[in-house]
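> For the sequence shown, UniProt numbering begins at 1 and goes up steadily by one.
By construction, the Cβ of each residue, glycine as well, lies at the ideal position given by its N, Cα and C atoms.
Dropping a structure here in C-alpha cells format, bear with me for questions.
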Amino acid sequence: MERKRKEDNQNQNFDFETSKQQLSKTAELCLKLAEQLDSKSLCQRPKSSEHNKLKSENQQLKQQLGEVIDANLHWQKYNVERDNYVISLQNALESKQTQKCACASREPADVLTEAQQKEVDKILLNAKAKTSSIEKEKEQLQDSIRDLRLTIHQKNQEIENLKKSAARNQDSHRSSNHSNVDDYVNMLKEQIRAVTEDFEAERRDREEAHSKILELEIQLRQLRNSRSNFQLYHQGNTVVDG
C-alpha cells in the first residue's frame, strides 16, 4: 500500500513537472509572438502582399492558445487525481480515529496518557484543518480554471472573427482597414498576455496546494508511528506485568 502510494506520488510529480514545463513553454511562445507583433506595429502599415502574413500570424496565435487549452485540461486531470488522494487521506485519518476509540471502549486499561492523547488529538486536528484548507483552495482553483477556459474560448472566437474579417478585406488596399486590423491584433495580444499571467498564477497556487498535501502525508505517518509505538509500549508493559 505504502509502495503504491509512493509510486502514485512519483507519477503525479512527473505529470506536474511535465505540465509546468509545457505551460511555461507555451507562455514563452505567446510572449515571443506578442513581441513580434509589437515590432511589426512600428513598421509601415502592411500592404496587400503582407496581409497574408498577418493571417498566418493569427493562425499561429490560435495554435498557441490551443496549447494553453491542452495544458489546462491536463491540470484538470491532475486536480481530479489530487482530490481522490485527499479523500483517501481523510478516510485513513477517520479510520485511525475510529480504531483508537474502539480500542479504548473494548480495553479500558489500554488507554493513552493525557500527554499522548493531546498529541494524537493535535495531529488529527491539524490534518483535518489542512485537508479542509486544501478543499477550499481546490474549489477556488476550479472556479478560476472555468473562468480561464471561458476566456480562452472567447479569444478563439475573436481570432476566427478576425480571420473572416481579413478574408473579406483581402482585396482592399485602404490604409484605414489595415489600421483597424492592427489595432484589433494589438488588443488581442494584450488579452493573451493577461491570460498567460493568469496561468502562471494558477501554477503557483497548484504548487502550494501540492506542498500542503505532502505535509498532510507527514502528519498521517506521524500518527501511525505514534500509535505503533504506543502499542509496542503497552505490549511490553503487559509482558512485564505477566
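Tell me whether the segment 147-159 and the segment 55-64 touch, counting them as touching only if at least three CB pairs, one residue from each stretch, are closer than 8 Å.
Contact holds: three or more Cβ-Cβ distances are below 8 Å.
> Compute the Euclidean distance between the alpha carbons of Asp183 and Glu190, then round it to the nearest angstrom.
If you take the alpha carbons of Asp183 and Glu190, they lie about 11 Å apart.
> How big is the Cα-Cα spacing for Arg227 and Gln140?
Whole-angstrom Cα-Cα distance: 35 Å.
> Run the CB neighbour count on Gln99, radius 10 Å, all protein chains shown included, and call it buried at 16 or more, exposed below.
Gln99 comes out exposed.
> Ends of the alpha helix (DSSP H) at Thr131?
It spans Glu114 to Arg168 - the alpha helix (DSSP H) in which Thr131 sits, taken as one unbroken run.
> Taking the C-alpha atoms as reference points, what is the distance between Lys155 and Arg146?
Near 14 Å, if we compare the C-alpha coordinates of Arg146 and Lys155.
> Apart from the five residues just before and just after Leu232, which ones in its own chain have a Cβ nearer than 6 Å to its Cβ?
So the list is empty, once near-sequence residues are dropped.
> Would you say Leu216 and Lys130 are within 7 Å of each other, going by their C-beta atoms?
Contact flag set, yes.
> Return yes when the Cβ of Ile152 is within less than 7 Å of the Cβ of Leu73, no when it is not.
No, they are not a contact pair.
> Could you give the C-beta distance for Lys136 and Asn79, rounded to a whole number, given that I count them as a contact under 8 Å?
That pair is no contact at about 14 Å.
> I'd like the list of long-range same chain contacts for Leu148, defined as Cβ closer than 8 Å, with 5 residues on each side in sequence excluded.
Excluding sequence neighbours, Leu148 sits near Asn72, Val195, Asp198, Phe199 and Glu202.
> Starting from the Cα of Ala209, find the closest Cα among Lys77, Val86 and Lys53 and give me that residue.
Out of Lys77, Val86 and Lys53, Val86 has the C-alpha closest to the C-alpha of Ala209.
> Quick test of your reading: Ser133 and Lys212, contact by CB under 8 Å. State the CB separation rounded to the nearest angstrom.
Confirmed, Cβ separation roughly 7 Å.
> Since Ala166 and Lys55 should fall inside the 8 Å C-beta cutoff, what is the C-beta to C-beta distance between them, to a whole number of angstroms?
That pair is a contact at about 5 Å.
> How big is the Cα-Cα spacing for Ser144 and Arg193?
Spanning the two alpha carbons is a distance of roughly 17 Å.
> Less than 7 Å between the C-beta atoms of Lys96 and Leu223, yes or no?
Against a cut-off of 7 Å, the Cβ pair of Leu223 and Lys96 comes out as a contact.
> Please classify Asn225 as buried or exposed, where buried requires at least 16 other C-beta atoms within 10 Å of its C-beta.
Exposed, by the Cβ-count rule.
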